[in-house]
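In terms of the numbering used here, the numbers along the sequence shown are unbroken and rise by one, the last being 674. This report concerns only the one structure given below.
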Amino acid sequence: MKNFTVSAIISLYKGEKFIKGRIEDLLAQTLGEEVEIVIVDSNSPQNEKKIIDEFLPTINNIKYLRTPETESMYTSWNRGIEISSGKYITNANVDDRLAPFALEKLVSEIQKDEKTGLVYGDYFVSPVENESFNEASNNDRTVKISDIYSPLRLLNGYMCGPQSLWRREIHTNHNIMFDGSFEVTGDYKFVADVSRVYNIKKVNSTLGVYFRSPADENKEYQNLDQTISEAFKIKLGLINHLLDSGVITSDPGVTKFMRLFRNLPVSISSLLWKLSAESVINYETIYWIMAVEAERKGDFNTVKKIISRFKNFPKAVYIKNYKKYLISRGLM
């Protein structure tokens with residue numbers, strides 16, 4: 343069996359109008375036949391297989407698997423990872439596209455440091471189906487500038503875009519896989535898990551095209567409550583990990599605001615935070631960290647006081663979810 347440099351995993355469900363362009367896009371990568379294309383057809387009701395069959399007789403670097411039942415995208419990615427053979431892996435969303443040089447660039451960057459486990463870059467945002475990288479560039483599409491990774495900044499949410507690349511050993515050596523129970527933010531959960539073991543690096547280059555459906559068909563926009571609920575679990579785990587590792591207590595910006603916010607109303611704290619550039623995380627998250635720190639010490643009076651300060655702040659969704667979490671555990 344040939345060992346490829348990169349395996350690109352396509353989770354396929356109702357992607358008939360995208361799959362031909364996606365395959366052609368991957369075949370056009372400058373890495374050429376070093377790219378393995380792994381398609382996991384999650385029992386799609388459309389006719390993607392007929393299109394895929396046009397490539398299979400002459401293209402040797404495509405694997406196709408159809409499951410008998412429809413599964414989550416993240417379960418499909420795991421299946422693809424299991425049958426892939428690339429040294430590095432990338433998710434290849436069926437409706438997104440890559441710069442021709444993207445995978446070669448990402449591989450070059452990840453190879454510079456064995457402690458780097460995952461790399462990512464910037465990308466165009468396009469409202470047009472099947473728009474290629476060159477077309478998006480010529481049409482002056484908006485470039486989404488991804489945040490530069492830091493463990494603390496990961497608390498703000500997923501930052502690694504739709505076209506990251508990571509080491510296979512994340513799966514084989516550390517048993518980190520995508521959580522199939524997540525419907526929307528499994529990529530965020532995966533990156534959070536990777537961050538406990540490896541460095542993560544941003545590549546300062548525009549590397550792909552993200553199709554942003556004008557009709558909000560992208561799953562993360564269809565159910566915001568589900569997105570928030572899943573992200574809450576990830577962020578709570580990150581807060582506890584960053585407290586355990588000392589990352590939070592060693593950050594001067596965060597610790598400064600934790601001291602300032604202790605006895606201030608949220609309205610004043612938010613204003614101070616907006617006027618300062620000393621913290622990479624928002625004021626709600628700083629309060630949440632303070633509450634978790636108090637919870638870990640068994641100081642539930644302080645926890646309740648912090649939560650009560652957000653009574654008139656309906657947009658503080660993570661504090662509200664934290665309250666529900668504590669109530670569900672009988673702690674409030």
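The beta-carbon is built from N, C-alpha and C at its ideal position, and this holds for glycine as well.
Annotated as distal: ALA573 and GLN505, with beta-carbon spacing of 9 Å or more. Taking a C-beta distance under 9 Å as the contact criterion, PHE599 and ILE628 qualify as a contact pair.
In terms of Cα proximity to ARG638, the closest of ASN624, ASN605 and LEU585 is LEU585.
Taking all protein chains in view, the Cβ of ARG439 is crowded by 16 or more other Cβ atoms within 10 Å, so the residue is classified as buried.
Sequence-distant partners of VAL533 (beyond 5 residues in either direction) whose C-beta falls short of 6 Å from its own C-beta, in its chain, are CYS502. Secondary structure remark: continuous alpha helix (DSSP H) runs of at least 4 residues inside the segment 575 to 625, in chain order: 594 to 603 and 608 to 617. Contact check between the segment 362 to 375 and the segment 392 to 412: three or more CB pairs, one atom from each, fall below 8 Å, which counts as touching. Taken through DSSP and simplified to helix, strand or coil, PHE553 comes out as strand. By the CB criterion at 9 Å, ALA350 and GLY459 fall outside the cutoff. Checking the DSSP bridge columns, you'll see GLU378 partnered with SER349. Nearest to LYS646 by C-alpha distance, out of ILE669, PRO656, ASN624 and LYS657, is ILE669.
Assignment of beta-bridge partners to TYR465 by DSSP yields LYS486 and GLY550. A Cβ-Cβ contact shorter than 9 Å links LEU507 with THR432. If you draw a straight line from the Cα of LYS666 to the Cα of ILE610, it comes to about 25 Å.
Assigned with DSSP and collapsed to three states, LYS666 falls in helix. Taking the Cβ atoms as the reference, VAL436 lies roughly 25 Å from GLU451, outside the contact range of under 8 Å. The C-beta of SER650 has fewer than 16 other C-beta atoms within 10 Å across all chains shown, which makes the residue exposed. The Cβ neighbour count for THR548, taken over all protein chains shown within 10 Å, is at least 16; the residue is labelled buried. Residue environment for ILE648: buried (at least 16 other C-beta atoms within 10 angstroms of its C-beta). Uninterrupted alpha helix (DSSP H) stretches at least 4 residues long and entirely within the segment 484 to 544 occur at 511 to 514 and 528 to 537, given in chain order. Residue environment: ILE487 is assigned as exposed (fewer than 16 neighbouring CB atoms within 10 Å of its CB, all protein chains considered). Minimum Cα-Cα distance from ASN480 among the listed residues SER523, LYS392 and PHE466 corresponds to PHE466.
Between the alpha carbons of TYR491 and GLY499 lies a gap of roughly 11 Å. Burial check for LYS653: the Cβ neighbour count within 10 Å stays below 16, so the residue is exposed. Within its own chain, the residues whose Cβ lies closer than 6 Å to the Cβ of ALA636, once the five positions on either side in sequence are excluded, are THR644 and VAL645, listed in chain order. The segment 524 to 532 and the segment 470 to 478 do not touch, with fewer than three beta-carbon pairs separated by less than 8 Å. When C-alpha distances from LYS657 are compared across GLU626, GLY672 and VAL634, the shortest belongs to GLU626. In the structure shown, ASP383 adopts extended strand secondary structure according to DSSP, grouped into three states.
For THR569, the secondary structure class from DSSP, reduced to helix, strand or coil, is helix.
Across the set LEU617, LEU578, LEU602 and VAL536, the C-alpha of VAL536 shows the shortest separation from the C-alpha of ASN517.
Remark: C-beta atoms of LYS447 and GLY463 approach each other more closely than 9 Å. Of the residues assessed, VAL377 falls on the buried side of the cut-off, its CB having 16 or more other CB atoms within 10 angstroms.
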